[in-house]
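Sequential numbering of the sequence shown, starting at 5, is according to the numbering used here.
Heads up, the beta-carbon is just placed ideally off N, CA and C, and yes, glycines get one too.
Here's the structure we're looking at; comments come further down.
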Amino acid sequence: MIDYTDHVHRLMADIVSRVPALSHVDVSRVLVFARPGRTGAHGPYATCHSLLVPDSEPAYYYWRDPRTGAMAKRSEWFVVRSPEVRIGPRRIWHLVSVALPRFCDQTAADTHKERVYGRGREWLAKLDTIVHELYHVDPHEGGIRRGSNGDGRLSALTHTPQFFREVQGIVRAYLASGPDSSVVEFLSFDFDALTRRYGGVVGTVFRGYPAFPQRYRHRLKVQPRAPRAAQIVLVPSQPARRVFTEADLEKRQFLRGSTLRLGDWGQVQ
Ligand SMILES: [Zn+2]
Numbered sequence: 005m006i007d008y009t010d011h012v013h014r015l016m017a018d019i020v021s022r023v024p025a026l027s028h029v030d031v032s033r034v035l036v037f038a039r040p041g042r043t044g045a046h047g048p049y050a051t052c053h054s055l056l057v058p059d060s061e062p063a064y065y066y067w068r069d070p071r072t073g074a075m076a077k078r079s080e081w082f083v084v085r086s087p088e089v090r091i092g093p094r095r096i097w098h099l100v101s102v103a104l105p106r107f108c109d110q111t112a113a114d115t116h117k118e119r120v121y122g123r124g125r126e127w128l129a130k131l132d133t134i135v136h137e138l139y140h141v142d143p144h145e146g147g148i149r150r151g152s153n154g155d156g157r158l159s160a161l162t163h164t165p166q167f168f169r170e171v172q173g174i175v176r177a178y179l180a181s182g183p184d185s186s187v188v189e190f191l192s193f194d195f196d197a198l199t200r201r202y203g204g205v206v207g208t209v210f211r212g213y214p215a216f217p218q219r220y221r222h223r224l225k226v227q228p229r230a231p232r233a234a235q236i237v238l239v240p241s242q243p244a245r246r247v248f249t250e251a252d253l254e255k256r257q258f259l260r261g262s263t264l265r266l267g268d269w270g271q272v273q
């Protein structure tokens with residue numbers, strides 16, 4: 005069977021080694037995992053999740069009395085914090101999730117990608133998605149890149165027109181570097197073709213699939229007394245999981261509409 009998440013990671017390593025615009029990305033600190041995504045359903049093909057986003061400002065949430073408008077209850081104060089993921093001794097900085105089988109079945113028809121890359125060049129649309137996720141890695145802070153406008157000012161949006169143009173430029177630079185066909189070939193098959201060719205599609209997932217590490221609320225040790233409210237709702241002081249390791253990974257085979265657990269991450273590799 006073909007290990008799709010491993011193939012995406014291998015391709016990422018090849019891209020960052022060939023294209024200077026992405027040379028700041030340390031792929032040994034990027035973990036690729038699979039999420040469920042139906043073909044044709046709405047949703048992203050892939051997503052970049054930074055584990056380096058700093059704690060949020062302290063906050064609480066609250067409910068108002070609908071009649072008086074007064075604060076009826078509020079939560080304790082908390083910050084929102086990033087989980088930690090480690091593979092062996094190495095801390096992971098970014099997770100990239102790939103939606104299966106949707107990613108494999110990406111079509112460029114009637115999208116801006118068809119205009120950019122030409123009709124029927126689905127594999128370039130998939131390559132664009134992978135470059136897009138890598139381009140989200142901020143070159144300075146290591147978090148998520150802030151969008152910029154054409155004039156160099158920072159934008160409130162992550163996905164500016166300039167972002168898409170720069171991704172397309174990196175795709176072209178990578179192709180011009182003459183990558184080995186064995187590294188990119190898997191992009192040219194859709195999910196059914198991969199299944200016929202390799203006997204199945206496998207991916208790395210987190211235990212508790214489809215759950216994966218996400219930012220969580222962390223209760224402030226010293227609780228401000230304000231604002232006053234009739235009732236204070238507790239924030240759990242310890243979320244269920246804050247640190248994840250390779251022991252939290254497993255391999256699953258992806259079928260249309262379901263998955264089969266194959267075994268622990270290390271065993272199936
Ligand atoms: Zn994006």
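From R211, A129, F193, V34, residue whose alpha carbon lies closest to that of L138: V34
State the DSSP-derived secondary structure class of Y64, mapped to helix, strand or coil. coil
Going straight from the alpha carbon of R169 to that of V31, what length do you get? 23 Å
Secondary structure at F168, three-state DSSP: helix, strand or coil? helix
Would you mind listing the beta strand (DSSP E) stretches within the segment 179 to 236 that are 3+ residues and don't spill past its ends, in chain order? 205 to 210, 220 to 223
Is E254 closer than 8 Å to R265 when the C-beta atoms are compared? yes
H136 beta carbon near ligand 1 (any heavy atom closer than 7 Å): yes
Taking just the CA atoms, how far does A180 sit from Y220? 42 Å
Contact set for F248: own chain, Cβ-Cβ below 6 Å, skip 5 residues either direction: V89, P217
Per DSSP, T72 forms a beta bridge with which residues? DSSP output for T72 lists no bridge partner at all.
Do A63 and F37 count as a contact pair if the criterion is CB distance below 8 Å? no
Going by the DSSP bridge assignment, what does D268 pair with across the sheet? E254
Residues bridged to F248 [DSSP beta-bridge criterion]: V89
Helix, strand or coil at G261 according to DSSP, with G and I counted as helix: coil
Starting from the Cα of K225, find the closest Cα among Y213, F190, L238, A215 and give me that residue. L238
Can you give me the start and stop residues for the beta strand (DSSP E) that V34 sits inside? 34 to 41
Looking at the C-beta of V29, does it have a partner C-beta in chain C at a distance below 8 Å? Protein chains in the displayed structure number just one, and chain C is not present.
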